[in-house]
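Novice: Under the numbering used here, think of the first position of the sequence shown as 7, with each following residue one higher. Backbone N, C-alpha and C define an ideal beta-carbon position, used for all residues, glycine too. Shown below is the structure under consideration.
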Amino acid sequence: MATREPYVHDPGSAVWEIPATGAARFGWDYDDGRERLLALYRKGKDKQWDAAKRIEWDLEVDPYDPLGVPDENMTVYGTPYWDRMSERNRRDMRRHYASWQFSQFLHGEQGALVCASRIVESVPDVDAKFYSATQAMDEARHVEIYSRFLHEKIGMLYPVNSSLQSLLDDTLRDSRWDMPYLGMQVLIEGLALAAFGMLRDVTKKPLPHQILAYVMQDEARHVAFGRMALRDYYRQLSDAELREREEFVIEGCYLMRDRLRGEEVLADFGIPAADAAELSERSEYLQIFRKLLFSRIVPCVKDIGLWGERLQRAYVDMGVFEMGDASLDQLMAQDEEIAEQLDARRFAAEEAARTAEIAETIAEG
């Protein structure tokens, strides 16, 4: 298996199999589609792009500082462990942290690709099948992008985090057709969008900034799709059925909050697991980061109609309840605008270069 070489740890079996459950559903009503969803499908077709051409892969990246984020963001910064490190160790740690983060993005995007394909198969409505097919193409592109960045620019990968793998497993094992929506479109995609956005707004490096901005432009449509489909469906469910889905959301949110902290990296630098957990718990940056992780999830959960008393108590316990009033539409509009601004600047630079080339040719006679 050629791809094993850059892994920090052995990822195990070359293939992870999850037994398929549920039914493949055909819908015969081809004419009666929801206009909002069909409009999103048309937008999904129009917004397809080629990662090899839109992203400037020739931009150089320092593998030992690929994201350019402040050292203060690292869990060990300011601790005796950090103070004892040589500059070479610190450079290695920056590389490992970036590799761990982007590796989880990569594995999550493959999970999104599988979930989008599952939705095409299992969702009963043809209009939802249409849009899910465009999302599957988006997710394939995202897997391509993160894989290329990790292999070519950082040269190092981490296996999938066990908690992310557990959430993917729960999402894909459930036979109910709406669960890939809920697990992926709401929880995992919501988590990813918040993480992408935080890095996009902090990094000073042009290549990862481009990657994150363009991927987020796609993801904004995916979350909108999940909201539309689930909001319509959950209006029809009984209180007991809604409570089952709220329990799934609660468990998934606690899992992501408490386990996606990069403690695998600390272990690789000889920090005992107990100390790594304590450092993560005390890290001011991680406390802010963990809270911001839910900036996209909480308002989406509320919007689709999962807002029972137990779920609200869980969000109060996590300190994120007030995020339920955030405007998802405004956040998504900002994601679209940032990507469009990047394109505009790039096109302007290319046009200026062409104009200068023509002027130079004329001047030379």
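Need the endpoints of the alpha helix (DSSP H) that I125 sits in, please.
Specialist: E93 to S128 is the span of the alpha helix (DSSP H), which, as asked, contains I125.
Novice: How big is the Cα-Cα spacing for R227 and A369?
Specialist: The straight-line gap from Cα to Cα measures roughly 48 Å.
Novice: Within the segment 240-273, note down every full alpha helix (DSSP H) run reaching 4 residues or more, in order along the chain.
Specialist: 245-265, all fully within the segment 240-273.
Novice: In the DSSP assignment, find the alpha helix (DSSP H) that holds R29 and state where it starts and stops.
Specialist: One point to set straight first is that residue 29 is Ala, not Arg, in the sequence displayed. Per DSSP, A29 belongs to no alpha helix (DSSP H) and is neither H nor E.
Novice: DSSP beta-bridge partners for Y13?
Specialist: Bridge partners of Y13: L163.
Novice: Taking all protein chains shown into account, do 16 or more other C-beta atoms lie within 10 angstroms of the C-beta of M7, making it buried, or fewer, making it exposed?
Specialist: Below a pLDDT of 50, predicted positions are generally treated as unreliable, and M7, at 43, falls in that range; the measurement from the model is reported next regardless. Exposed, because fewer than 16 other Cβ atoms sit within 10 Å of the Cβ of M7.
Novice: So, for V166: in the same chain, excluding its five sequence neighbours on each side, which residues have a beta-carbon less than 6 Å away from its beta-carbon?
Specialist: H113.
Novice: If I measure Cβ to Cβ from V149 and keep anything under 7 Å in the same chain, skipping five residues before and after, which residues do I get?
Specialist: For V149, where only same-chain residues beyond five positions count, the Cβ hits under 7 Å are L112, E115, Q116 and L119.
Novice: Go through its chain and collect everything with a Cβ distance to L292's Cβ below 7 Å, but skip five positions before and after it.
Specialist: Excluding sequence neighbours, L292 sits near T81, R267 and S286.
Novice: Going straight from the alpha carbon of L272 to that of P72, what length do you get?
Specialist: Roughly 18 Å between the two C-alpha positions.
Novice: Run through DSSP, which three-state label would A365 get?
Specialist: In the structure shown, A365 sits in a helix (DSSP, three-state: H, G or I).
Novice: Need the endpoints of the alpha helix (DSSP H) that H374 sits in, please.
Specialist: Residue coverage of the chain in this structure runs from 7 to 371, which leaves residue 374 outside it and unanswerable.
Novice: Which of the three DSSP states is assigned to M7 in this structure?
Specialist: Because M7 carries a pLDDT of 43, less than 50, the predicted location of this residue cannot be relied on, and the following value inherits that uncertainty. Looking at M7 - three-state DSSP - the assignment turns out to be coil, as it is neither helix nor strand.
Novice: For the putative contact between P186 and I125, defined by C-beta atoms under 8 Å, what is the C-beta separation to the nearest angstrom?
Specialist: That pair is a contact at about 5 Å.
Novice: Output the residue ranges of the alpha helix (DSSP H) runs that lie fully inside the segment 181-236 and measure 4 residues or longer, sorted by chain position.
Specialist: Fully enclosed alpha helix (DSSP H) runs of 4 or longer: 195-208.
Novice: Helix, strand or coil: how does DSSP classify Q54 here?
Specialist: Looking at Q54 - three-state DSSP - the assignment turns out to be coil, as it is neither helix nor strand.
Novice: I'd like to check one pair, Y220 with R48: are the Cβ atoms closer than 8 Å?
Specialist: Not closer than 8 Å, so no.
Novice: In chain order, what residues of the same chain have a beta carbon less than 6 Å from the beta carbon of A213, not counting five sequence neighbours either side?
Specialist: The question names Ala, yet the displayed sequence has Leu at residue 213. So the qualifying residues of the chain are L65 and V67.
Novice: Skipping 5 residues on each side, what residues in its chain have a beta carbon closer than 7 Å to that of L298?
Specialist: So the qualifying residues of the chain are A200 and M204.
Novice: For the 8 Å Cβ check, are there 3 or more pairs between the segment 162-180 and the segment 100-110?
Specialist: Yes: at least three Cβ pairs fall under 8 Å.
Novice: Is A320 helix, strand or coil when you go by DSSP?
Specialist: Three-state result, A320: helix.
Novice: What residues in its chain sit with their C-beta under 6 Å from that of W88, if we drop five residues either side in the sequence?
Specialist: For W88, where only same-chain residues beyond five positions count, the Cβ hits under 6 Å are V82.
Novice: Please state whether DSSP places F136 in a helix, a strand or coil.
Specialist: F136: helix per DSSP, three-state reduction.
Novice: To the nearest angstrom, report how far apart A365 and E356 are at their CA atoms.
Specialist: C-alpha separation (whole angstroms): 14 Å.
Novice: Return the CA-CA distance between A26 and L174, expressed in angstroms with no decimal places.
Specialist: Approximately 13 Å between the Cα atoms of the pair.
Novice: Going straight from the alpha carbon of Y58 to that of I151, what length do you get?
Specialist: Before going on, a small fix: residue 58 reads as Ala here, not Tyr. About 9 Å.
Novice: Quick one: residues in its chain with C-beta nearer than 8 Å to the C-beta of A345, no 5 flanking neighbours on either side, listed in chain order?
Specialist: Correct list, in chain order: A219, Y220, M222 and Q223.
Novice: How many angstroms separate the CA atom of P12 from the CA atom of E23?
Specialist: Approximately 22 Å between the Cα atoms of the pair.
Novice: Where does Y47 sit, in a helix, a strand or coil, going by DSSP?
Specialist: Of the three classes helix, strand and coil, the one that applies to Y47 here is helix, per DSSP.
Novice: Check Y291 in the structure and name its three-state DSSP category.
Specialist: Here Y291 sits in helix by DSSP.
Novice: If I'm right that S301 touches A339 with Cβ under 8 Å, what's the distance once you round it to whole angstroms?
Specialist: So it is not a contact: roughly 15 Å between Cβ atoms.
Novice: Would you call the CB atoms of I303 and G196 closer than 8 Å?
Specialist: Contact: yes.
Novice: What does the Cβ neighbour count give for Q54, buried or exposed, with the cut at 16 atoms within 10 Å?
Specialist: With fewer than 16 Cβ atoms within 10 Å of its Cβ, Q54 is classed as exposed.
Novice: For R237, which residues of its own chain have a beta-carbon under 7 Å away from its beta-carbon, when the five flanking residues on both sides are left out?
Specialist: Here the set comprises D309, I310 and G311.
Novice: Between N79 and the rest of its own chain, which residues show a CB-CB distance below 7 Å, the 5 nearest in sequence each way excluded?
Specialist: So the qualifying residues of the chain are Y291.
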